Every structure is written in C-alpha cells, then in structure tokens.
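A.B. asks: Please see the structure below; I have some questions.
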Amino acid sequence: MNRDTAPTDWNAPAMQSRIARRYAAERRFKALGLGAVLLSGLFLAFLLFVMVGNGARGFTYTHVAVPIDFKATPLTVDASRLDDPDADQVIANAGLSDIVAFAAGEALGEGGSDVISENAWKEVRTAIKADPDLLTGKTVFELPASSRIDIAAKEGAKGELGARVAALKANGRLSTGIHWPFFRNADATDPAVAGIWGALKGSVLTIVIAFLIAFPTGVLAALYLEEYAPKNRWTDLIEVSINNLAAVPSIIFGLLALAVFINWFGLCQASALVGGLTLALMTMPVIVIAARNAIKAVPPSIRDAALGVGASPVQVVFHHVLPLALPGILTGTIIGMARALGETAPLLLIGMRAFIGDVPNGICSPSTVLPMQIFLWSDEVDRGFVEKTSAAIIVLLILLLSMNALAIYLRNKFEKRW
1 MNRDTAPTDW NAPAMQSRIA RRYAAERRFK ALGLGAVLLS GLFLAFLLFV MVGNGARGFT
61 YTHVAVPIDF KATPLTVDAS RLDDPDADQV IANAGLSDIV AFAAGEALGE GGSDVISENA
121 WKEVRTAIKA DPDLLTGKTV FELPASSRID IAAKEGAKGE LGARVAALKA NGRLSTGIHW
181 PFFRNADATD PAVAGIWGAL KGSVLTIVIA FLIAFPTGVL AALYLEEYAP KNRWTDLIEV
241 SINNLAAVPS IIFGLLALAV FINWFGLCQA SALVGGLTLA LMTMPVIVIA ARNAIKAVPP
301 SIRDAALGVG ASPVQVVFHH VLPLALPGIL TGTIIGMARA LGETAPLLLI GMRAFIGDVP
361 NGICSPSTVL PMQIFLWSDE VDRGFVEKTS AAIIVLLILL LSMNALAIYL RNKFEKRW
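Take the sequence shown: its letters are residues 1 to 418, numbered as in UniProt numbering.
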C-alpha cells in the first residue's frame with residue numbers, strides 16, 4: 001500500500017541541528033588529522049635537529065700543529081722498506097710513537113703528549129710512507145688532538161683545561177676542520193682515528209649479496225605463484241607461509257642463519273657473506289608479496305591481447321606482464337632492502353657485533369655494518385664517541401633516504417598508465 005511521504009523540511013530546527021552536528025564532526029576530524037600530521041612533523045624535525053646538531057661536530061675534529069725534526073731525532077728506518085707490505089710494523093718498531101710524543105712535549109710544553117691523540121703517530125706514519133723525504137728534515141704535522149682537547153675546543157671549557165685550550169688557540173696551534181679519517185678509517189678505540197669506512201663497506205657488501213639472492217628468487221617465486229601455480233591447498237599453504245614469514249621477528253632469521261649457515265655449512269662467521277644470506281632470507285617474503293601485488297595490478301586485457309596476437313605464455317609473462325609490473329616490484333624491493341640496511345638483531349647472532357678494526361677486503365672477511373657500529377659506539381665511555389655516533393646516524397639516514405628516493409624515481413620513471 002502506498003503511503004504519502006511528507007517532504008523533508010531542511011529548515012526545521014531538528015534538521016538544522018543534525019546538519020550542524022555533522023559539519024562539526026567533519027571539522028573535528030579534519031582538525032585531528034591536521035594535528036596528527038603536525039605532531040609527526042614536529043617529532044621528525046626534533047629528531048633531525050638533535051641528530052644534525054650533535055652529528056655535525058662529528059664530521060670535524062681539532063688538530064694540533066706539531067713540528068717534528070727528524071734530523072735531531074732520527075727515525076732509523078730503511079727507506080727502501082717503506083713500500084713493503086709490513087712497512088707499518090717496521091715504522092712502529094722503529095719508535096715513531098716516542099719521537100712524536102717527544103716532539104709534542106718540546107713544542108707544547110709540559111704534558112704536551114697529552115694534548116695530542118695517543119694514535120697521532122699513525123698520521124705521521126702515513127705521511128712518511130707517502131713521502132719518505134720527510135725523514136731528512138723538519139716538518140710541521142697537523143696531528144689529531146686528544147678527545148678531551150677536541151671537546152673543549154668545540155664546546156668550551158673552564159679552569160685549567162679551558163686556559164690551556166685558549167693558549168693553544170692564541171698561539172695558532174689549534175685548528176678545526178673536516179675530519180677525513182672519519183670517512184676512510186675503520187673502527188678504533190680512540191675517537192680521533194675511529195671511522196665508518198669499514199662499517200660502510202660492510203653494509204654495502206651485505207646489502208649487495210642480499211639483493212643478488214633475494215631479488216631474482218623472490219620475483220621468480222611471485223611469477224610462478226601468480227601465473228603458473230595451480231589453485232589448491234598446497235599453494236594456499238605456501239601463500240599463508242609467505243605472509244607469516246614476512247611478520248616473523250628478524251632475530252628468528254639470525255637464529256636460523258647461525259644454525260644453518262655457520263654451524264651446519266661452516267661458512268665464515270661475522271662476514272658479509274653470512275650477513276647477506278641472513279638478510280636475504282628476511283627480505284625475500286617482503287619481495288614476494290610486493291611482486292605478487294604488482295603482477296596482480298597488471299590488467300588481464302594485457303595478457304589476453306598478447307595471447308591473441310600469438311604470444312606464448314612465457315612471452316606473455318616476460319615480455320608484457322613483468323615489464324609493466326617492474327616499477328611496483330622495484331619499489332617494494334628497495335624499501336625491503338632499506339629495512340634490511342637498518343637491521344641489527346639478526347646480525348648480532350652471527351658474530352657481526354665484534355670489534356672490527358680493519359676494513360673488510362672481501363665477502364668472507366670479518367666485517368660489521370653501520371647500525372652495529374652505531375650500537376657499539378653508543379656504549380663507549382669516551383665522550384668523543386657521542387659525536388661520532390650522531391654523525392654515523394646521519395650517514396645511515398642519508399643512505400636510507402637515498403634508497404627511498406631511488407624507489408620513488410624508478411617508480412615514476414617506469415610506471416605506465418592504462
């Protein structure tokens with residue numbers, strides 16, 4: 001039975017009240033969303049401000065001008081042996097550290113050897129190896145200051161230490177500039193010579209190995225599951241397993257790597273090879289999921305058209321589907337690699353937490369990675385490592401942002417619209 005319905009009176013007080021409440025709720029929702037965005041931006045700005053403020057000084061260091069006269073205090077080293085592989089040990093055994101400490105005491109007065117770093121003589125050794133003629137005369141070397149002097153010169157100090165730093169500055173002995181050893185040295189117990197190159201090279205080797213294993217394996221697995229695998233309980237089980245593996249805590253992969261790669265296969269412990277294999281296992285499920293989603297996004301009409309002009313199923317997949325899905329695959333892969341670059345938990349269990357004082361020269365050499373280096377420096381007692389830790393964090397953030405920017409660039413470059 002039809003019933004007459006009265007028209008809505010939009011000007012009625014009850015209706016106006018409902019409309020006002022609806023608009024007020026919408027305004028509150030917009031305000032909450034804007035507040036969340038602003039709060040996130042403030043936290044990010046605070047993080048960057050603190051990191052850059054503390055880390056900027058980590059890229060610089062204070063040096064002390066110390067003249068060394070090798071005629072007055074000769075270094076008994078055969079110049080012909082300076083090109084030998086054991087030249088560093090030969091120079092060290094000749095007493096170079098004592099000569100440098102004596103020269104610092106002569107130039108800087110009582111306690112002069114405490115003004116320079118305990119490893120400052122290594123800078124002189126490097127200079128002698130580059131130019132053996134320095135052993136025949138007097139040269140002024142810019143040597144790294146001790147951590148205590150460096151912090152006082154940058155932040156200021158009171159009392160006897162402040163007076164001494166002020167006197168050295170007045171005499172033109174102190175200078176602060178870019179600390180190049182930070183970029184070319186490996187880890188060390190002295191912040192004056194500690195650097196990130198060893199950890200940075202270890203990170204690059206580890207990520208490259210992880211990419212070379214995880215990317216082709218993950219993409220091929222995604223292609224098979226999406227294009228060829230029959231739909232049955234076994235494929236359903238595999239899909240559920242892959243989704244679960246993507247959510248497994250990363251330290252579980254470290255336990256797996258310790259049991260399989262080191263204890264079972266006997267691969268080199270604390271190396272980039274084992275680290276790369278571990279991160280490949282951790283990243284592969286993420287790549288499979290990202291690749292499957294990208295392949296699903298390719299319209300079925302592309303496949304039908306290719307089959308209609310005589311292409312084989314393999315040609316359809318590799319000539320048409322995969323190129324169109326590549327932007328999404330690359331984006332997911334690079335984001336997964338960026339996540340792996342910041343991992344520490346699985347690498348702790350395979351021995352990459354150890355102190356590594358040398359730059360790795362191969363995939364089986366003992367090595368560490370940047371996040372682990374940051375973790376180790378954060379535990380150091382010496383205040384000089386506080387700046388080094390923040391500076392290393394800045395380097396890691398730059399790497400992560402670069403990888404994310406690369407993902408955005410590749411997605412925009414290869415993305416096709418239909």
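Cβ atoms here follow ideal geometry from the backbone N, Cα and C, with glycine treated the same way. It should be emphasised that the depicted structure is a prediction, and the values quoted were computed from it without experimental measurement.
Rank N93, I207, A222 by C-alpha distance to the C-alpha of S367 and give the top, closest one.
C.D. replies: It is I207 whose Cα lies nearest to the Cα of S367.
A.B. asks: Would the beta-carbon of V50 fall within 9 angstroms of that of I196?
C.D. replies: Against a cut-off of 9 angstroms, the Cβ pair of I196 and V50 comes out as no contact.
A.B. asks: Answer yes or no: do D358 and A130 have a C-beta to C-beta separation smaller than 9 angstroms?
C.D. replies: No, the Cβ-Cβ distance between D358 and A130 is not below 9 angstroms.
A.B. asks: In its own chain, which residues sit with a C-beta less than 6 angstroms from the C-beta of V66, not counting the 5 before and 5 after it?
C.D. replies: Excluding positions up to five away in sequence, the list reads A103, A104, A107, F141, L143.
A.B. asks: Could you check if residue 425 is buried or exposed, using at least 16 other CB atoms within 10 Å of its CB as the buried criterion?
C.D. replies: Lying outside 1 to 418, the shown extent of the chain, residue 425 is not represented and no answer is given.
A.B. asks: For K138, which beta-bridge partners are listed by DSSP?
C.D. replies: For K138, which the question treats as bridged, DSSP gives the partners D69.
A.B. asks: Measuring CA to CA, which of I393, L348, I329, G159 is closest to N412?
C.D. replies: Looking at the Cα atoms, I329 is the closest of the given residues.
A.B. asks: Please return the same chain residues whose Cβ sits closer than 6 angstroms to the Cβ of E226, not counting the five positions on each side in sequence.
C.D. replies: Counting only Cβ-Cβ distances below 6 angstroms, and skipping sequence neighbours, we find R292, I295.
A.B. asks: Given a threshold of 16 other Cβ atoms within 10 Å of its Cβ, counted over all protein chains shown, does T278 qualify as buried or as exposed?
C.D. replies: Under this definition T278 is a buried residue.
A.B. asks: Apply the 10 Å Cβ neighbour rule to K388 and answer buried if 16 or more other Cβ atoms are within range, or exposed otherwise.
C.D. replies: Label assigned to K388: buried.
A.B. asks: First and last residue of the alpha helix (DSSP H) that includes G41?
C.D. replies: First-last of the alpha helix (DSSP H) with G41: 13-55.
A.B. asks: Grab me the residues of V298's own chain with a C-beta within less than 6 angstroms of its C-beta, minus the 5 sequence neighbours each way, in chain order.
C.D. replies: For V298, where only same-chain residues beyond five positions count, the Cβ hits under 6 angstroms are V321, L324, A325.
A.B. asks: Put A145 into one of helix, strand or coil per three-state DSSP.
C.D. replies: In this structure, A145 counts as strand in the three-state DSSP scheme.
A.B. asks: Would DSSP call P7 helix, strand or coil?
C.D. replies: In the structure shown, P7 sits in coil (DSSP, three-state: anything other than H, G, I, E or B).
A.B. asks: For M1 and T8, what's the separation of their Cα atoms in angstroms?
C.D. replies: Any reading at M1 is ruled out, since the residue's pLDDT is 46, under 50, leaving its predicted position unreliable.
A.B. asks: CB-CB under 7 angstroms to T344, same chain, minus the five flanking residues each way: which ones, in chain order?
C.D. replies: Taken in chain order, the residues that qualify are P371, M372, F375.
A.B. asks: Please give the ranges of any beta strand (DSSP E) in the segment 257-282, keeping only runs that are unbroken, at least 3 residues long and fully inside the region.
C.D. replies: With a minimum length of 3 residues, no continuous beta strand (DSSP E) run stays inside the segment 257-282.
A.B. asks: For the putative contact between T331 and A407, defined by C-beta atoms under 8 angstroms, what is the C-beta separation to the nearest angstrom?
C.D. replies: Right, the Cβ-Cβ distance comes to about 5 angstroms (below 8 angstroms), so this counts as a contact.
A.B. asks: Please return the same chain residues whose Cβ sits closer than 7 angstroms to the Cβ of I178, not counting the five positions on each side in sequence.
C.D. replies: Within the same chain, I178 has close Cβ partners F59, T60.
A.B. asks: Below 9 angstroms between beta carbons: does that hold for L399 and L341?
C.D. replies: For L399 and L341, yes; Cβs fall inside 9 angstroms.
A.B. asks: Give the single residue among P13, D382, G362 whose Cα lies nearest to the Cα of A199.
C.D. replies: Considering only alpha carbons, the answer is G362.
A.B. asks: With H, G and I counted as helix, E and B as strand and the rest as coil, what does DSSP make of H63?
C.D. replies: DSSP places H63 in strand when its eight states are reduced to three.
A.B. asks: Would you mind sorting H319 into buried or exposed? The rule is 16 or more other CB atoms within 10 Å of its CB.
C.D. replies: It is exposed - the Cβ of H319 has fewer than 16 other Cβ atoms within 10 Å.
A.B. asks: Look at the alpha carbon of S250 and the alpha carbon of F215, and state the distance between them as a whole number of angstroms.
C.D. replies: Taking the straight line joining both Cα atoms gives about 18 angstroms.
A.B. asks: Just grab the DSSP bridge partners of P366 for me.
C.D. replies: For P366, which the question treats as bridged, DSSP gives the partners S271.
A.B. asks: Identify which residue in A247, G275, P132, L42 has its Cα closest to the Cα of L75.
C.D. replies: Selected option, being the one with the closest Cα: P132.
A.B. asks: At which residues does the alpha helix (DSSP H) containing S241 begin and terminate?
C.D. replies: 233-246 is the span of the alpha helix (DSSP H), which, as asked, contains S241.
A.B. asks: Going by DSSP in three states, T217 sits in which element: helix, strand or coil?
C.D. replies: It is helical.
A.B. asks: Pick out whichever of K122, A405, R383, F414 has its Cα sitting closest to the Cα of N54.
C.D. replies: The residue with the shortest Cα to Cα distance from N54 is R383.
A.B. asks: Any idea which residues DSSP pairs S175 with across the strands?
C.D. replies: Answer is H63, bridged to S175.
A.B. asks: Assign I116 to one of three DSSP states: helix, strand, or coil.
C.D. replies: Note: I116 maps to strand in three-state DSSP.
A.B. asks: With DSSP as the reference, label A325 as helix, strand or coil.
C.D. replies: Helix, per DSSP.
A.B. asks: Looking at the structure shown, is A405 part of a helix, part of a strand, or coil, going by DSSP?
C.D. replies: It is helical.
A.B. asks: Please go through the same chain and pick out, in chain order, the residues whose beta-carbon is closer than 8 angstroms to the beta-carbon of G254, but skip the five residues on each side of it.
C.D. replies: Correct list, in chain order: T278, A345, P346, L347, L348, L349, I350.
A.B. asks: In whole angstroms, what is the alpha-carbon distance linking A338 and A247?
C.D. replies: So the alpha carbons of these two residues sit roughly 17 angstroms apart.
A.B. asks: Would you tell me roughly how many angstroms separate the C-alpha atoms of W180 and T136, rounded to the nearest one?
C.D. replies: Roughly 27 angstroms separates the two Cα atoms.
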